[in-house]
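Inspection log for the structure reproduced underneath, given as structure tokens.
Numbering (our numbering), first residue to last: 143 to 372.
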């Protein structure tokens with residue numbers, strides 16, 4: 143029972159890692175961009191996670207973790223910021239390789255604006271709840287930066303496609319984590335709306351996590367291309 147969360151982490155990364163050597167995607171050749179993106183984003187989210195543990199926004203069921211951790215943060219939760227981003231960036235690259243044409247590109251800015259407006263609306267009603275405030279505030283600023291400040295490279299049309307596909311394993315994995323539960327939420331610090339057993343905020347937590355990872359991934363690829371061209 144104590145290995146449940148650890149086994150979930152292994153399951154999340156197992157197939158993406160094994161398929162990283164696919165001849166069409168060549169994902170292993172992009173590890174030099176993937177790993178720094180994951181590490182930088184991981185630091186941000188680990189600080190966020192540690193803060194939430196201290197603020198009692200969420201906690202972890204001791205029955206399903208091995209008991210090794212840092213300042214109350216289980217090892218499995220730290221691994222989560224490696225395994226989930228790796229799997230999601232893998233999905234992103236697979237979609238780009240197998241479906242390079244994207245006729246929805248022209249709608250990406252409108253979709254981004256819709257989410258920016260949604261973030262502001264939810265912040266208006268939920269600013270007094272820690273999870274809601276930090277989650278939607280973070281997503282708002284990252285999304286606004288990517289769309290309106292970052293003008294060097296554009297990828298949001300590909301991002302939204304990958305996010306939608308990533309929701310499939312998200313519902314499986316997070317549904318299991320929240321139904322046992324492995325992660326226990328303090329409902330005083332979120333809106334109280336759930337999809338099944340998954341808090342509404344978790345959907346946008348995934349979006350923010352994936353967006354920062356893919357932005358950094360594309361940033362490092364862009365810098366590498368410019369260096370090579372020079």
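Quick reminder that beta carbons are idealized off the backbone N, C-alpha and C, glycines included.
query                                                                                                                                     : result
Residue range of the unbroken alpha helix (DSSP H) whose run includes residue 250                                                         : 250 to 268
Alpha carbon of residue 371 to alpha carbon of residue 246, nearest angstrom                                                              : Because the pLDDT at residue 371 is just 45, under 50, the model does not fix this residue reliably, and the value given afterwards should be weighed accordingly. In a straight line, the C-alpha of residue 371 is about 30 angstroms away from that of residue 246.
Rounded C-alpha distance that separates residue 253 from residue 178                                                                      : 28 angstroms
Residues near residue 285 by beta carbon distance below 7 angstroms, same chain, minus five either side                                   : 254, 257, 258 and 353
Supposed close pair residue 278, residue 364 - CB separation, criterion 8 angstroms                                                       : Residue 278 to residue 364, Cβ: 28 angstroms. No contact.
Beta-carbon contacts of residue 129 that lie in its chain and below 8 angstroms, excluding the five residues immediately before and after : This structure does not reach residue 129, given that the chain is present from 143 up to 372, and the question cannot be answered.
Of the listed residues 248, 237, 180 and 196, nearest to residue 222 (C-alpha basis)                                                      : 180
Sufficient close CB pairs (3 or more, under 8 angstroms) joining the segment 205 to 212 to the segment 230 to 238                         : no
Near the ligand GDP: residue 313 beta-carbon under 7 angstroms from a heavy atom                                                          : The ligand GDP is absent from the structure shown, which contains no ligand whatsoever.
Residues sharing a beta bridge with residue 215, DSSP                                                                                     : 212
Three-state secondary structure (DSSP) of residue 310                                                                                     : helix
For residue 218, the nearest candidate out of 348, 146 and 358 (CA to CA)                                                                 : 146
Test item: CB-CB of residue 200 and residue 305 under 8 angstroms                                                                         : no
DSSP state of residue 372 mapped onto helix, strand, coil                                                                                 : Residue placement at residue 372 is poorly supported in this model, since its pLDDT is 43, which falls under 50; the coordinates still yield a value, given next. Residue state, collapsed to three classes: coil.
Rounded separation between residue 163 and residue 307 - CA only                                                                          : 21 angstroms
C-alpha distance - residue 355 paired with residue 172, whole-angstrom precision                                                          : 13 angstroms
Endpoints, the alpha helix (DSSP H) within which residue 189 is located                                                                   : 173 to 196
Segment limits, beta strand (DSSP E) that includes residue 326                                                                            : 325 to 327
Burial state of residue 334 (16 or more Cβ within 10 Å)                                                                                   : exposed
Bridge-paired residues (DSSP) for residue 340                                                                                             : 337
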